[in-house]
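Residue numbers (UniProt numbering), protein chains in the order written: chain A, 1 to 188; chain B, 1 to 188. Single-structure report; data block below.
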């Protein structure tokens, strides 16, 4: 049931935009009664966060290649690939911005989804510190934000193409900064 | 006349959003005839780009402090301050996203405005190279994108507060990457 409701929510979101989304329409599309949905998720926002987190986890698995460079490259390339896919995050993100970027529950959902992503990817950084590849104390969330920011900047603001080169360049910048100790919380 | 039309466009944009914007409404607010506007700007998109570029140039002057760190810090802090101001870029940006993020002319306007900003700030990087502070060949646009990306990431995606610390941290990361040669076009 959970997977069907998630899929229905994402399909409704991409097709109609956030503004037209409702627990009713999602339930109907998933072929379940809306009270079934409300038993599991307290409201549309909770369902949205759950579905997006799951969607991203499926799209962007956490790698363990043995080196920080390999891991970060895999993460950044998966992010780029996921945005290039027509059913992927680009569509979801566009739907969340269209007519809804300013809604507090959409902003909160976005924040929660990013926090969840940073939390999931944390082992990449802690393993790198363990192997002596990055300075002890390097802030995982700060590192991941540094890496994905230029990719989103291009996607959302300049509209430049994003590809594997964009991903690799983001990794290069992030590693240079991390190795120089610019991503330590104490450095703030 | 140009300043009055610019001011009218920004006021209409912030108050009503891009979707409700028209040459007619801007002309009326500025107290000029719409043919006067059309004589100077070929369409609403051209007027939008011109007004935004001017708005940003006034908000974010190009510094010349004598060091690359001082210059970048001044730029990044001015960007943060401009987004914190109620009549500043945050409002303009929100208005451009609300119901309009997906429109091709809005995307094109955004791209042109960013290109203009990178072009204006180029001397900061070329002077730094001249003083031997950054590797020869450091790409100015790439450097500026690296610096402002994490600020926009927070503003648009996670909704975290942005302040002088955010600005200074972005400068720290950018300088570490640039000094390590991660912002050379050849490095791509």
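Using N, Cα and C, we set each Cβ at its ideal position, and we do this for glycine too. Computed from a prediction, not measured in an experiment: that's the story for all the values here.
Beta-carbon neighbours of residue i, restricted to chain B and to distances below 9 Å
{"i": "residue 67/A", "result": "The premise fails here: residue 67/A is roughly 17 Å from chain B at the closest Cβ pair, so nothing lies under 9 Å."}
For residue j and residue i, the rounded distance between their alpha carbons
{"i": "residue 253/B", "j": "residue 68/B", "result": "Absent from the model: residue 253/B. The displayed extent of chain B is 1 to 188, so no value can be given."}
{"i": "residue 147/A", "j": "residue 141/A", "result": "10 Å"}
{"i": "residue 113/A", "j": "residue 28/B", "result": "43 Å"}
{"i": "residue 8/B", "j": "residue 58/B", "result": "16 Å"}
{"i": "residue 117/B", "j": "residue 157/B", "result": "22 Å"}
{"i": "residue 44/B", "j": "residue 139/B", "result": "32 Å"}
{"i": "residue 11/A", "j": "residue 109/B", "result": "30 Å"}
{"i": "residue 169/B", "j": "residue 180/B", "result": "17 Å"}
{"i": "residue 145/B", "j": "residue 151/B", "result": "10 Å"}
{"i": "residue 1/B", "j": "residue 19/B", "result": "24 Å"}
{"i": "residue 174/A", "j": "residue 34/B", "result": "49 Å"}
{"i": "residue 210/A", "j": "residue 41/B", "result": "With chain A running from 1 to 188 in the structure shown, residue 210/A is simply not present."}
{"i": "residue 4/B", "j": "residue 53/A", "result": "47 Å"}
{"i": "residue 55/A", "j": "residue 56/B", "result": "37 Å"}
{"i": "residue 66/B", "j": "residue 106/B", "result": "37 Å"}
{"i": "residue 6/B", "j": "residue 84/B", "result": "21 Å"}
{"i": "residue 25/B", "j": "residue 115/A", "result": "42 Å"}
{"i": "residue 64/A", "j": "residue 47/A", "result": "30 Å"}
{"i": "residue 165/B", "j": "residue 185/A", "result": "11 Å"}
{"i": "residue 178/A", "j": "residue 14/A", "result": "36 Å"}
{"i": "residue 187/B", "j": "residue 134/B", "result": "Low local confidence applies: a pLDDT of 46 at residue 187/B is under 50, so the model's placement there is unreliable, and no value is given."}
{"i": "residue 131/A", "j": "residue 131/B", "result": "37 Å"}
Chain-ordered chain B contacts of residue i [CB-CB under 8 Å]
{"i": "residue 109/A", "result": "Residues of chain B passing the Cβ test: none, with the nearest at roughly 10 Å."}
{"i": "residue 183/A", "result": "173"}
Chain B within 9 Å of residue i, Cβ atoms only
{"i": "residue 145/A", "result": "yes"}
{"i": "residue 142/A", "result": "yes"}
Nearest-angstrom Cβ-Cβ length linking residue i and residue j, presumed shorter than 8 Å
{"i": "residue 72/A", "j": "residue 124/A", "result": "7 Å"}
{"i": "residue 62/B", "j": "residue 79/B", "result": "Residue 62/B to residue 79/B, Cβ: 12 Å. No contact."}
{"i": "residue 167/A", "j": "residue 77/A", "result": "5 Å"}
{"i": "residue 121/A", "j": "residue 129/A", "result": "Between residue 129/A and residue 121/A the Cβ distance is about 14 Å, and since that is not below 8 Å, they are no contact."}
{"i": "residue 162/B", "j": "residue 172/B", "result": "Incorrect: roughly 15 Å between the Cβ atoms, too far for contact."}
{"i": "residue 159/A", "j": "residue 111/B", "result": "5 Å"}
{"i": "residue 32/B", "j": "residue 23/B", "result": "The pair is not a contact, with the Cβ atoms about 11 Å apart (cut-off 8 Å)."}
{"i": "residue 149/B", "j": "residue 149/A", "result": "4 Å"}
Any C-beta of chain A under 9 Å from that of residue i
{"i": "residue 150/B", "result": "yes"}
{"i": "residue 187/B", "result": "The predicted model places residue 187/B with a pLDDT of 46, which falls under 50 and marks its position as unreliable, so this point remains unresolved."}
{"i": "residue 116/B", "result": "no"}
Partners in chain A for residue i, counting only beta-carbon separations shorter than 8 Å
{"i": "residue 72/B", "result": "The premise fails here: residue 72/B is roughly 13 Å from chain A at the closest Cβ pair, so nothing lies under 8 Å."}
If contact means a Cβ-Cβ distance below 7 Å, which residues of the stretch 155-181 of chain A contact chain B? Residues of the stretch 155-181 of chain A whose Cβ lies closer than 7 Å to any Cβ of chain B, in chain order: 156, 157, 158, 159, 165, 169, 172, 173, 176, 177, 180.
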